[in-house]
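Sequences listed follow chains A and B, in order. Under this note's numbering, the first residue of the first sequence carries the number 1, and numbering increases by one thereafter. Under this note's numbering, the first residue of the second sequence carries the number 1, and numbering increases by one thereafter. Glycine included, every Cβ here is placed at the ideal spot set by N, Cα and C. Report on one structure; see the data block that follows.
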Amino acid sequence: MASEPLKAAADVVSAPKEKTNYKGLFTAGIWKENPVFKMFLSLCPALGTTVSVFYGFSMGIIILLAVTLSSLTVSIFGRFIPDEIRVPVLITIIAGVVTIVEMLTQAFLPGIHGALGAFIALVVVNCIIMGRAEAFAMKNKPMAAVADAMGYGLGIVLAFTIIAAVRELLGVGAILGIQIFPQQFAISLFALPMGAFIALALILGVITTIQLRKNDEKLAKERAEKAAKAAAAKAKAAGTPAPVGGV
Amino acid sequence: MNKKILKLTLLLGIFASFTTVVIAAVNTVTAPVIKENNLAAFNATVQSMFPTGSNGGEYESDIALRVVRVVEGGETIGFIYEQQVGGFQGPIVYLIGVDLDGNFIDFSANHSETPGIGTVIDTETWTDRIIGTHATTEIDTVAGATGTTLPISTALLTIYEDLQNRR
Numbered sequence: 001m002a003s004e005p006l007k008a009a010a011d012v013v014s015a016p017k018e019k020t021n022y023k024g025l026f027t028a029g030i031w032k033e034n035p036v037f038k039m040f041l042s043l044c045p046a047l048g049t050t051v052s053v054f055y056g057f058s059m060g061i062i063i064l065l066a067v068t069l070s071s072l073t074v075s076i077f078g079r080f081i082p083d084e085i086r087v088p089v090l091i092t093i094i095a096g097v098v099t100i101v102e103m104l105t106q107a108f109l110p111g112i113h114g115a116l117g118a119f120i121a122l123v124v125v126n127c128i129i130m131g132r133a134e135a136f137a138m139k140n141k142p143m144a145a146v147a148d149a150m151g152y153g154l155g156i157v158l159a160f161t162i163i164a165a166v167r168e169l170l171g172v173g174a175i176l177g178i179q180i181f182p183q184q185f186a187i188s189l190f191a192l193p194m195g196a197f198i199a200l201a202l203i204l205g206v207i208t209t210i211q212l213r214k215n216d217e218k219l220a221k222e223r224a225e226k227a228a229k230a231a232a233a234k235a236k237a238a239g240t241p242a243p244v245g246g247v
Numbered sequence: 001m002n003k004k005i006l007k008l009t010l011l012l013g014i015f016a017s018f019t020t021v022v023i024a025a026v027n028t029v030t031a032p033v034i035k036e037n038n039l040a041a042f043n044a045t046v047q048s049m050f051p052t053g054s055n056g057g058e059y060e061s062d063i064a065l066r067v068v069r070v071v072e073g074g075e076t077i078g079f080i081y082e083q084q085v086g087g088f089q090g091p092i093v094y095l096i097g098v099d100l101d102g103n104f105i106d107f108s109a110n111h112s113e114t115p116g117i118g119t120v121i122d123t124e125t126w127t128d129r130i131i132g133t134h135a136t137t138e139i140d141t142v143a144g145a146t147g148t149t150l151p152i153s154t155a156l157l158t159i160y161e162d163l164q165n166r167r
C-alpha cells in the first residue's frame, strides 16, 4: 500500500539494533519527501483551504497535530492490533484524534474553526495520516513515530503556507492581510478553487526547474570528475604528467 | 475460527470504546467553553445591533436556525434572525437584526468565502444595501460575488412573513 517515498523513511530505522536517526526521520518529510510537493498527498485541503496565508497555515497546524497524535497513539497500541482488523482500528484511532483536535479548536480557537469549517472534520480521510500510521508508526517506537509524523506535518505546514502565500499575493495583492499592491491589479482567479490548481502547478514548475538544474550541475560535475580521472589514468599509462584542471 | 472472530470483534470493540471514552472526556472540558464562547459572541452581536436592548429569549423558526427577541424595559424592540445559507465556499451563517416595523438594523456573517470576492459581505458595499432597507425589498446582489450574495438576498425575503407572526 505504501509508496516508495513512504517506505523510505521506514528504512532509516530498518535495523532494530542500530541507533535511530531521529534527525533523518524528522527532516525527511519537511522537504525531501514533502507530502504535497513531492508525493502529491493532502491535495484536497491544499487546494481548498489555502485562500489566505492565515487559513493555509492554520489548516497545516491542525493536520500537524492530527498526524502527530495519530502516529503516537498507533505506535503505542500497534503491537496489540492484529493484521485482520488493522484498517478499522487505525480509522477508529485517526477519527478519534481528529474529533478531539476539532473539539479543542472549536473551544479555544473559534475563529479558525469557523473559517475552516468542514475541512477540519475531513482531515480524518487525509492520506498522509493513514499513510504514516500504517507505513511507519505501526512498526516503530513512539519517539521515532512522533519525529517522523512531525516532519511530515511540518512539510504540510510549509507547503500549505507557500501555496496560500502565492494565492493571496496574486489573487488579492496582499500577504497576511497586508496590502502589497492595489487589489485592482490582482488576478482574482487565484483566489478561486481553479486558481489553486494553477498556483500549485506554478510552484511545482519552479521546484522541478530548480531540481532539474541541480541534477544537471551534479551530472556535469560527475562527468568532469570521471573525465579527469580517465585523463589521469591515460597520462599515467603513457608516462606523461596528468593535465591540470580536468576537462 | 469462531473463537478468532469473537476475539477480533472484542478487540475492535475495546478500541472503539476506548476512543469513545477519550472523546467523551475531552467533550466534558470543551463543551462548556464552546457554549460560553457562542453565548458571548451572540450577546456581543445583540449589543452591537441593539445597544439598549438585551436578549429576551429564543424561538424556533422554519426559516432560521433561531430567532431572538430583543427587549428593552420589558418591551420588545426587535428581533435577530440567525439564518444559514449555502455560499460559494460553504455555509454562511449570519445574524440580521430587524425592528418591529420590518426594517433591517444590522448584518453580521460568519463564513469562509473567497477573500477579495465573497468577503464583500463583511464590507459596507454589502451592509449599506441591507441596513435601513425594509424586509419586503429584494436586496441587490453584488456583481462578481453573486454566489455569495444571492442566497442571502433570497433568504432575507422570508423574514417579513415570519416577523408578522411574532409581533
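Secondary structure at residue i, three-state DSSP: helix, strand or coil?
{"i": "A/Asp216", "result": "helix"}
{"i": "B/Asn103", "result": "strand"}
{"i": "A/Met1", "result": "Below a pLDDT of 50, predicted positions are generally treated as unreliable, and A/Met1, at 41, falls in that range; the measurement from the model is reported next regardless. In the structure shown, A/Met1 sits in coil (DSSP, three-state: anything other than H, G, I, E or B)."}
{"i": "B/Glu60", "result": "coil"}
{"i": "A/Ala15", "result": "For A/Ala15, the predicted model reports a pLDDT of 48, less than 50, meaning its position is unreliable and no value from the coordinates is stated."}
{"i": "A/Ser52", "result": "coil"}
{"i": "B/Asn27", "result": "helix"}
{"i": "A/Ala231", "result": "helix"}
{"i": "A/Gln183", "result": "helix"}
{"i": "A/Gly153", "result": "helix"}
{"i": "B/Pro115", "result": "coil"}
{"i": "B/Ser54", "result": "strand"}
{"i": "A/Ser42", "result": "coil"}
{"i": "B/Tyr160", "result": "helix"}
Closest to residue i by CA distance: which of the options is it?
{"i": "A/Ala186", "options": "A/Arg167, A/Asn215, A/Asn126", "result": "A/Arg167"}
{"i": "A/Leu200", "options": "A/Lys141, A/Ala137, A/Leu25, A/Thr49", "result": "A/Thr49"}
{"i": "A/Leu65", "options": "A/Ala149, A/Thr208, A/Lys221", "result": "A/Ala149"}
{"i": "A/Val51", "options": "A/Ala165, A/Lys141, A/Leu158", "result": "A/Ala165"}
{"i": "B/Glu72", "options": "B/Gly53, B/Asn2, B/Thr123", "result": "B/Gly53"}
{"i": "A/Leu202", "options": "A/Ala224, A/Ala227, A/Leu170", "result": "A/Leu170"}
{"i": "B/Glu75", "options": "B/Leu100, B/Asp62, B/Ala155, B/Tyr160", "result": "B/Leu100"}
{"i": "B/Ile92", "options": "B/Asn103, B/Arg66, B/Val67, B/Ile121", "result": "B/Ile121"}
{"i": "A/Leu122", "options": "A/Ile91, A/Arg86, A/Ala107", "result": "A/Ile91"}
{"i": "B/Arg166", "options": "B/Thr114, B/Glu58, B/Gln47, B/Ser17", "result": "B/Glu58"}
{"i": "A/Val124", "options": "A/Val172, A/Phe37, A/Cys44", "result": "A/Cys44"}
{"i": "A/Pro193", "options": "A/Ala228, A/Val206, A/Leu47, A/Ile30", "result": "A/Leu47"}
{"i": "B/Leu156", "options": "B/Ser48, B/Ile96, B/Ser61, B/Phe50", "result": "B/Ile96"}
{"i": "A/Ile112", "options": "A/Gln211, A/Ala228, A/Met59, A/Gln183", "result": "A/Met59"}
Establish whether the CB of residue i and some CB of chain D are separated by less than 7 Å.
{"i": "A/Thr73", "result": "Checking the listed chains, one finds no chain D in this structure; the protein chains it contains are A and B."}
What residues are listed by DSSP as bridge partners for residue i?
{"i": "A/Glu84", "result": "None; A/Glu84 has no bridge partner."}
{"i": "B/Tyr81", "result": "B/Val67, B/Ile96"}
{"i": "B/Thr76", "result": "B/Val71"}
{"i": "B/Gly86", "result": "B/Pro91"}
{"i": "A/His113", "result": "Bridge partners of A/His113: none, in fact."}
{"i": "B/Asn110", "result": "B/Val93"}
{"i": "B/Ala155", "result": "For B/Ala155, which the question treats as bridged, DSSP gives no partner whatsoever."}
{"i": "A/Ile175", "result": "A/Ile178"}
Would you mind telling me which residues of chain A sit closer than 8 Å to residue i, beta carbon to beta carbon, in chain order?
{"i": "B/Val33", "result": "Ala107, Phe108"}
{"i": "B/Gly73", "result": "The contacting residues do not exist; B/Gly73 stays about 32 Å from chain A at best."}
Quick one: list the residues of chain B neighbouring residue i, beta-carbon separation under 9 Å, in chain order.
{"i": "A/Ile85", "result": "Leu8, Thr9, Leu11, Leu12, Phe15"}
{"i": "A/Gly171", "result": "Thr114, Pro115, Gly116, Ile117"}
Assuming residue i and residue j form a contact by the criterion Cβ under 8 Å, report the distance between their Cβ atoms to the nearest whole angstrom.
{"i": "A/Ile128", "j": "A/Val89", "result": "Wrong, their Cβ atoms sit about 18 Å apart, outside the cutoff."}
{"i": "B/Val70", "j": "B/Gly87", "result": "Not really, about 26 Å apart at Cβ, beyond 8 Å."}
{"i": "B/Thr141", "j": "B/Thr149", "result": "4 Å"}
{"i": "A/Met130", "j": "A/Ile94", "result": "6 Å"}
{"i": "B/Ser108", "j": "B/Tyr94", "result": "6 Å"}
{"i": "B/Asn27", "j": "A/Pro110", "result": "16 Å between Cβ atoms; not a contact."}
{"i": "A/Ser75", "j": "A/Ile156", "result": "The Cβ separation is near 19 Å, so there is no contact."}
{"i": "A/Phe160", "j": "A/Gly24", "result": "Not confirmed; about 24 Å, so no contact."}
{"i": "B/Leu8", "j": "A/Pro82", "result": "6 Å"}
Using the beta-carbon of each residue, which ones in chain B are nearer than 8 Å to residue i?
{"i": "A/Leu192", "result": "Thr114, Ile117"}
{"i": "A/Glu168", "result": "Pro115"}
{"i": "A/Ser52", "result": "Pro115"}
Listing by chain order, which chain B residues have their CB less than 7 Å from the CB of residue i?
{"i": "A/Thr99", "result": "Ile23"}
{"i": "A/Gln179", "result": "Chain B residues near A/Gln179: none, gap ~11 Å exceeds 7 Å."}
{"i": "A/Val89", "result": "Leu12, Phe15"}
{"i": "A/Ala165", "result": "The premise fails here: A/Ala165 is roughly 13 Å from chain B at the closest Cβ pair, so nothing lies under 7 Å."}
List, in chain order, every chain A residue whose beta-carbon is nearer than 9 Å to that of residue i.
{"i": "B/Pro91", "result": "Gly117, Ala118"}
{"i": "B/Asn43", "result": "Under the 9 Å cutoff, chain A gives no residues; its nearest Cβ is about 14 Å from B/Asn43."}
{"i": "B/Asn110", "result": "Gly114, Ala115"}
Under 7 Å Cβ-Cβ, which residues of chain A neighbour residue i?
{"i": "B/Asn27", "result": "Met103"}
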